[in-house]
Amino acid sequence: MLDVVSGFVTELRAAGLPVGLSESLDAVAAVGHVDLSSRAELRSALAATLVKRQDHRATFDTVFDLWFSTRARTATDHGGGQHDLVTPDAPAGDEADLDDDALSVMVADALEDGDPERIAALARLAVALFAGMGSRRQVGAAYHLHQVMRRLDTEGALARLMGATGFDDDGGRPGSLDARLRADDYRASAAELRRQVEDEVRRRLVAERGPAAVARSLRRPLPEDVDFMHASRDEMDDLRRALLPLSRRLAVRLARRRRHRRQGSLDFRSTVRHSLSFGGVPAEPRFRHRRPSKPEIVVVADVSGSVAAFARFTLQFIHALSGQFSRVRSFVFVDGIDEVTRLFEGADDLAHAVQRVNTEADVIAGAGHSDYGNALSVFWQRWGSELTKRTTVVVLGDARNNYHDTSTWAVAEIARRSRHVWWLNPEPRSYWDTGDSVISEYSAHCDGVFECRNLRQLEHFVERMG
Amino acid sequence: MGDRLGSATQVRAALESVGYLADEAIAGVVFLADRLDKPVLVEGPAGTGKTELAKSVAAMSRARLIRLQCYEGLDEAKALYEWNYRKQLLRIQAEGATGAGSGRAWSEVEGDIFSEDFLLTRPLLEAIRADEPVVLLVDEIDRLEVETEALLLEVLSDWQVSVPELGTVRATRIPLVFLTSNNTRDLSEALKRRCLYLHVDYPSPERERAIVMAKVPGIAEHLADQVARVVRSIRRLEPTKPPSVSETLDWARTLMLLDIDALDAASVVGTLHVLLKNRADIDRAARQLSTQTLPGD
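Just so you know, the protein sequences line up as chains A and B, in that order. If you're matching positions, the first sequence starts at 1 in our numbering and goes up one per residue. If you're matching positions, the second sequence starts at 467 in our numbering and goes up one per residue.
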């Protein structure tokens, strides 16, 4: 058993999971206590000892399935060869020429039924038939997944099923509650089918190419690392979902740090009073609490097409943290500039507020191309007098000025009146000052210019500022 | 613990007998923790029954539950032990007042005031020193600062606490330990290495239905099924705070009190405030779930 477990651990490490020595010792000890004839028990014992992060669990399951499903068979052949384990089940003759109609009936039936076994069987069959695996080309898992999902057409099947229940997916024409619940059952089944297909693709890839190769092609960037400027729609959804928990975590950190800064002066009254319970010995000195100084934030964001996604995320992020600042005001511009603070104040749903920024802010003064010079000088003229020494100004934008006048004097004036001026640029540093980017003309007057291409960098910046 | 658990299946049955419906993974990890004498780190979203698990394990094994609620600023004095200054001062003063102690050497007095009588045990030391079976619950460990986390390491791996004046206190019997975390920050590798890991997520509709059936006496199976599915649908909408299992149970009880035996959109919308505690979430869920059949449609 020791060999089996240590081999498994080696395989996990090859797939990129950090498994330490003490963890593998625990795994060996744990295996001694479980009923080895039960796969589920073995799996949960190994998972509990070897995997310490939930996002590693999927990889663990894949490696587990491969290592423990076929090992018994091959171990007798040649003492534990690893990568030639799985021969894809050859599709049975009558299934091989499955036509589209028959397939869509099968998909619809499986979704309607919702039985996990049936869905798993369908996933296996579909991958065997449509994934085009085992071919000469070394393409990523995403390609195979796409191939299978295209043929399965779960969206179409869902639409048909929902049509039958009288429920419209957009929520535009809702049916009864029961129909709604049934629709959600179908959606859950569809999600399950997709997950099963993904698992199956991964299993086969690992079997074909070994865990290390697949680990590389599988590794999806964490939402924190997705580039704002080039995010796909799915990645945008991930980002949106990651934003709220991230801002909560950061708020906790900021508040904690503020509380733990140097304590105030000795509070004599309180110390003496407290000493009474020690018979007059001032055993525990008491200190005054300092009022934490919270910065006032003014965000000035370029919301023109190229950087809109970045500006939206940053606005949402900073407003989600507004409790950590004494005040947050937001301005957006393209070639005209408008204040949008009112859209965020008292808004329960920040995503909705950001949506309203898009439709309600009056930001087009001329041709609708970014004009930093005009926007910043108008900002200075209209709101400059409201800046104080407690204000931190954050400018968001790529400083691509479309060859307009830069009006750097406005930034200089703003910087003179406020505490700090920070500039966040969503472009990689190597692109700065190429083409119509004039970032260095502005940066001369800023306290700092930061590259801010993903949530991680954004979080880092906000933490510094808070 | 005195009597070891037999197998994961037995754990599951025992937990069910005290009203906690564990799935295979949960039962397996609890069983292993008992066998390997290792603490269990339970992670997962708020309200999925992490704390309840520890309580139920205590009830199941008829052990005493000792709970250490973590918060930032928690220190040794609150987690391990503290000397009772007040009593020590009183002791010295009493000695001086009677004059009896005048002949005694300081070392004698010192030995006297740093003895068990003047020690205030806090949860960790208490769990180590207990003679009867105990379950130690360290709740919301992610609220501790990284530095304070280290406090736990000696206890969790060697089952001992060092008190300089008294020497090392070793556990007479190893307690079953549960650490819960809501994942607001990453825990240190050192801590994770010492623990078994268990991720508890929201239950599947089937399991949630079973939980509702077990915890809300007298509820009809049909209603329990609808409750579980509506809650699943609401969680799918990704509200800012998804309804927890305990909120599901509250909701089911509310429905029972209101004599609702089959859900329709109106009754769901009318009682949504039991499930969701944020106005924007309630509005959105109500919009999504309500019926507005268009005329002639």
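Quick reminder that beta carbons are idealized off the backbone N, C-alpha and C, glycines included.
At a Cβ threshold of 8 Å, is residue i touching chain B?
| i | result |
| --- | --- |
| D26(A) | yes |
| G279(A) | yes |
| G264(A) | no |
| D65(A) | no |
| D184(A) | yes |
| A96(A) | In this prediction, A96(A) has a pLDDT of 49, which is less than 50 and means its spatial position is unreliable; nothing more can be read from the coordinates. |
| D35(A) | yes |
| V19(A) | no |
| R456(A) | no |
| V300(A) | no |
| G171(A) | Note that G171(A) scores 44 on pLDDT, short of 50, meaning its location in the model is unreliable; the coordinates nonetheless yield the value given after this. Cβ-Cβ to chain B under 8 Å: yes for G171(A). |
| L177(A) | yes |
| R203(A) | no |
| A121(A) | no |
With a Cβ-Cβ cutoff of 8 Å, do residue i and residue j count as a contact?
| i | j | result |
| --- | --- | --- |
| A488(B) | L498(B) | no |
| S712(B) | A512(B) | no |
| S22(A) | V9(A) | no |
| R286(A) | S265(A) | no |
| V575(B) | I558(B) | yes |
| G114(A) | D35(A) | no |
| S407(A) | F317(A) | no |
| L546(B) | L591(B) | yes |
| D302(A) | S370(A) | yes |
| W422(A) | D405(A) | no |
| K516(B) | T650(B) | no |
| V28(A) | L12(A) | no |
Where does residue i fall in DSSP's three states?
| i | result |
| --- | --- |
| D153(A) | coil |
| G93(A) | The predicted position of G93(A) is uncertain, since its pLDDT is 43 and thus under 50; no value can be drawn from it. |
| T737(B) | coil |
| H688(B) | helix |
| R53(A) | coil |
| H404(A) | coil |
| E509(B) | strand |
| V5(A) | helix |
| T391(A) | strand |
| E427(A) | coil |
| W409(A) | helix |
| R533(B) | strand |
| V449(A) | strand |
| D605(B) | strand |
| L17(A) | coil |
| G80(A) | For G80(A), the predicted structure reports a pLDDT of 36, less than 50, and the residue's modelled location is therefore unreliable. A value from the coordinates is still provided. Three-state DSSP puts G80(A) in coil, outside helix and strand. |
| L540(B) | coil |
| V421(A) | strand |
Less than 8 Å between CB atoms is the rule here; does residue i satisfy it with respect to chain A?
| i | result |
| --- | --- |
| S699(B) | yes |
| V682(B) | no |
| E576(B) | no |
| V495(B) | yes |
| A731(B) | yes |
| T650(B) | yes |
| Q626(B) | no |
| R478(B) | no |
| K658(B) | yes |
| R588(B) | no |
Cβ of residue i versus every heavy atom of the ligand COA: is any distance shorter than 7 Å?
| i | result |
| --- | --- |
| L250(A) | Ligands are entirely absent from the displayed structure, and the ligand COA is therefore not among its contents. |
**Report entry** Three-pair Cβ contact test at 8 Å for the region 357–364 of chain A versus the region 324–343 of chain A
**Finding:** Touching, per the Cβ criterion.
**Report entry** Stretch-stretch touch, CB-based, cutoff 8 Å, three pairs: the region 680–694 of chain B with the region 735–750 of chain B
**Finding:** Touching, no, given that fewer than three Cβ pairs across the two stretches are closer than 8 Å.
Requested in this report: Could you tell me which uninterrupted beta strand (DSSP E) segments, each at least 3 residues in length, are contained entirely in the region 618–668 of chain B, listed from first to last along the chain?
Outcome: Unbroken beta strand (DSSP E) runs of no fewer than 3 residues, entirely contained in the region 618–668 of chain B, are found at 626–629, 633–636, 642–647 and 662–665, following chain order.
Query raised in the report: Does the region 620–628 of chain B touch the region 571–581 of chain B, meaning 3 or more C-beta pairs lie closer than 8 Å?
Result: In the pairwise beta carbon analysis, the region 571–581 of chain B is classified as not touching the region 620–628 of chain B: fewer than three pairs are separated by under 8 Å.
Requested in this report: Jot down the residue ranges of each uninterrupted alpha helix (DSSP H) in the region 185–258 of chain A, minimum 4 residues, whole runs only, in chain order.
Outcome: If one requires a minimum length of 4 residues, the alpha helix (DSSP H) runs lying completely within the region 185–258 of chain A are 211–218, in chain order.
**Report entry** Touching by the beta-carbon criterion (3+ pairs, under 8 Å), the region 372–390 of chain A and the region 350–362 of chain A
**Finding:** Cβ pair count under 8 Å is below three, so no.
Query - Every unbroken beta strand (DSSP E) within the region 545–590 of chain B, with a cutoff of 3 residues, ordered by chain - result: Here the runs fully enclosed are 547–549 and 585–587.
Query raised in the report: Counting Cβ pairs, one atom from each stretch, are 3 or more of them under 8 Å apart for the region 500–518 of chain B and the region 654–673 of chain B?
Result: Because the criterion of three Cβ pairs below 8 Å is met, the region 500–518 of chain B and the region 654–673 of chain B touch.
Query raised in the report: Quick check: the region 298–312 of chain A against the region 396–411 of chain A, are there 3 or more CB pairs under 8 Å?
Result: Output reads yes: the region 396–411 of chain A touches the region 298–312 of chain A.
Requested in this report: Please go through the region 270–358 of chain A and give each complete beta strand (DSSP E) segment of 3 or more residues, from N-terminal end onward.
Outcome: If only uninterrupted beta strand (DSSP E) runs of at least 3 residues are considered, those enclosed by the region 270–358 of chain A are 296–302, 327–333 and 337–339.
Report task. Tell me, please, whether the region 716–728 of chain B touches the region 516–530 of chain B by the rule of three or more beta-carbon pairs shorter than 8 Å. Result -> No contact exists between the region 716–728 of chain B and the region 516–530 of chain B.
Query - the region 607–618 of chain B in contact with the region 537–551 of chain B per 3-pair CB rule at 8 Å - result: With the cut-off at 8 Å, the region 607–618 of chain B and the region 537–551 of chain B touch.
Query raised in the report: For the region 33–47 of chain A against the region 642–654 of chain B, are there 3 or more C-beta pairs whose distance is under 8 Å?
Result: Below 8 Å, too few C-beta pairs join the region 33–47 of chain A and the region 642–654 of chain B to call them touching: fewer than three.
Query - In chain order, each beta strand (DSSP E) run of at least 3 residues that lies wholly inside the region 702–738 of chain B - result: With a minimum length of 3 residues, no continuous beta strand (DSSP E) run stays inside the region 702–738 of chain B.
Report task. Evaluate the contact criterion for the region 633–647 of chain B versus the region 671–680 of chain B: three or more CB pairs, one atom per stretch, below 8 Å. Result -> Because the criterion of three Cβ pairs below 8 Å is not met, the region 633–647 of chain B and the region 671–680 of chain B do not touch.
Query raised in the report: Can at least three beta-carbon pairs, one atom from the region 694–711 of chain B and one from the region 735–755 of chain B, be found at a separation below 8 Å?
Result: Using a Cβ-Cβ distance cut-off of 8 Å, the region 694–711 of chain B and the region 735–755 of chain B are in contact, since at least three pairs of beta carbons, one from each stretch, lie closer than that value.
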